[in-house]
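Enquirer: Questions regarding the structure given below will be posed in turn.
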Amino acid sequence: MSLLGRRMIWTGCPVCSEEQKIEDEKQRRADEEADRQRRMEQRLSQSGIPQRFRDRTFDNYVADTEPKQKALQVAKEFAENFADHYRDGTTVVFSGKPGTGKSHLALAAALVVMNTGTVMYLNALDLVRMVRDTWRRDSEMTESAVLNELSTVSLLIIDEIGVQYGTDGEQVILFDVLNRRYRDLMPTILLTNLGAKGMKEFLGERSFDRLREGGIWVAFDWESHRGRKTA
5 MSLLGRRMIW TGCPVCSEEQ KIEDEKQRRA DEEADRQRRM EQRLSQSGIP
55 QRFRDRTFDN YVADTEPKQK ALQVAKEFAE NFADHYRDGT TVVFSGKPGT
105 GKSHLALAAA LVVMNTGTVM YLNALDLVRM VRDTWRRDSE MTESAVLNEL
155 STVSLLIIDE IGVQYGTDGE QVILFDVLNR RYRDLMPTIL LTNLGAKGMK
205 EFLGERSFDR LREGGIWVAF DWESHRGRKT A
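Heads up: the sequence shown at position 218 corresponds to 222 in this note's numbering, and the numbers run straight through without jumps.
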């Protein structure tokens, strides 16, 4: 406090002022973290990732063999450098028997990507149904709207490719989605039980060629560990 003539000027307590700055900074960081969590929860709820699989992370993936460690490395590199893969429109294919951890690593990558972008996870049959459902007269969404959503999400993960019948109609729909994402340089992760030959027969030569151009193929060629937490 200063006294000038009859006028008193309160200068305040320097220590109190510094403490208030610290508290304000703590509150700002807390608000930012709460906002980040809200955005993350919203993206997660819109991602299509089943509740059962939302705990899949890189940390709880058991990479107890060299091939599994290599698969983990590919998935982590993709997620941690997603900005580069987003720029390049990288397609990643995880190929192997059921229960070998393909979904685990794909979803672990999705959780990392969701910190900065949007993710959609669905199996190939549901993707085809989404498009076909728009053909009904009572559909609230148009085919173009669904295709636009599938084409513009930051990362699209399509599971169980090859479980369907592989009809011409299914091939056309899958090719349309893959071609749109290829054309617009949008990253995609594909999960399949098929090998390269089976994928080519199922998707058709044109779609398969899209996968090979600048894509990454990871073979999960070990036995299933389904029944364990990492399955």
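Note that beta-carbon positions come from the ideal geometry of N, C-alpha and C, so glycine has one too.
Is glutamate 174 buried or exposed, if buried means 16 or more other CB atoms sit within 10 Å of its CB?
Expert: Looking at its Cβ environment, which holds 16 or more other Cβ atoms inside 10 Å, glutamate 174 is buried.
Enquirer: Would you call the CB atoms of isoleucine 177 and leucine 131 closer than 9 angstroms?
Expert: For isoleucine 177 and leucine 131, yes; Cβs fall inside 9 angstroms.
Enquirer: Could you tell me the alpha carbon to alpha carbon distance between leucine 154 and methionine 190, rounded to whole angstroms?
Expert: About 10 angstroms.
Enquirer: Any chance the stretch 59–68 sits against the stretch 98–113, with 3 or more Cβ pairs inside 8 angstroms?
Expert: Short answer: they touch.
Enquirer: From alanine 87 to methionine 145, what distance separates their C-alpha atoms?
Expert: So the two alpha carbons sit approximately 31 angstroms from each other.
Enquirer: Have a look at Ala83, Ala223, Asp172 and Met124 and flag the residue whose alpha-carbon is nearest the alpha-carbon of arginine 210.
Expert: Nearest of Ala83, Ala223, Asp172 and Met124 to arginine 210, Cα basis: Asp172.
Enquirer: If we ignore side chains and look at the alpha-carbon of each, how far apart do lysine 30 and proline 18 end up?
Expert: Cα-Cα distance, rounded: 19 angstroms.
Enquirer: In the DSSP output, which residue or residues are listed as bridge partners for threonine 196?
Expert: Answer is Ser99 and Ile165, bridged to threonine 196.
Enquirer: How about the stretch 117–128 and the stretch 85–100: do they share at least three Cβ pairs that are nearer than 8 angstroms?
Expert: Touching, yes, given that three or more Cβ pairs across the two stretches are closer than 8 angstroms.
Enquirer: Report the residue ranges of all beta strand (DSSP E) runs contained in full by the stretch 123–185; include only those spanning at least 3 residues, in chain order.
Expert: Fully enclosed beta strand (DSSP E) runs of 3 or longer: 123–127 and 159–165.
Enquirer: Return the CA-CA distance between glycine 219 and glycine 93, expressed in angstroms with no decimal places.
Expert: Cα-Cα distance, rounded: 9 angstroms.
Enquirer: Applying the 10 Å Cβ sphere with the 16-neighbour rule, what's the burial state of glutamate 217?
Expert: Exposed: under 16 other Cβ atoms inside 10 Å.
Enquirer: Tell me the DSSP secondary structure of alanine 223 in three-state form.
Expert: Strand at alanine 223.
Enquirer: Take the Cβ of lysine 72 as the centre, count every other Cβ of all protein chains shown within 10 Å, and call the residue buried at 16 or more, exposed below.
Expert: Burial call: buried.
Enquirer: When the distance is taken between beta carbons, is isoleucine 165 closer than 9 angstroms to methionine 203?
Expert: Against a cut-off of 9 angstroms, the Cβ pair of isoleucine 165 and methionine 203 comes out as a contact.
Enquirer: How about alanine 112 and arginine 60: are their beta carbons less than 9 angstroms apart?
Expert: It is a contact, given that the beta carbons lie within the stated cut-off.
Enquirer: Once the 5 residues before and after glutamine 76 are set aside, which same chain residues still bring their CB inside 7 angstroms of it?
Expert: Checking the displayed sequence, the identity of residue 76 turns out to be leucine instead of glutamine. The answer, listed in chain order, is Phe62, Tyr65, Ala67 and Leu109.
Enquirer: Tell me which same chain residues have a C-beta within less than 6 angstroms of the C-beta of valine 222, skipping the five on either side of it?
Expert: The residues are Ala75, Val78 and Phe98.
Enquirer: Within 9 angstroms (strictly less), CB to CB, does threonine 196 reach chain D?
Expert: Judged by its chain identifiers, the structure shown contains no chain D, having just a single protein chain.
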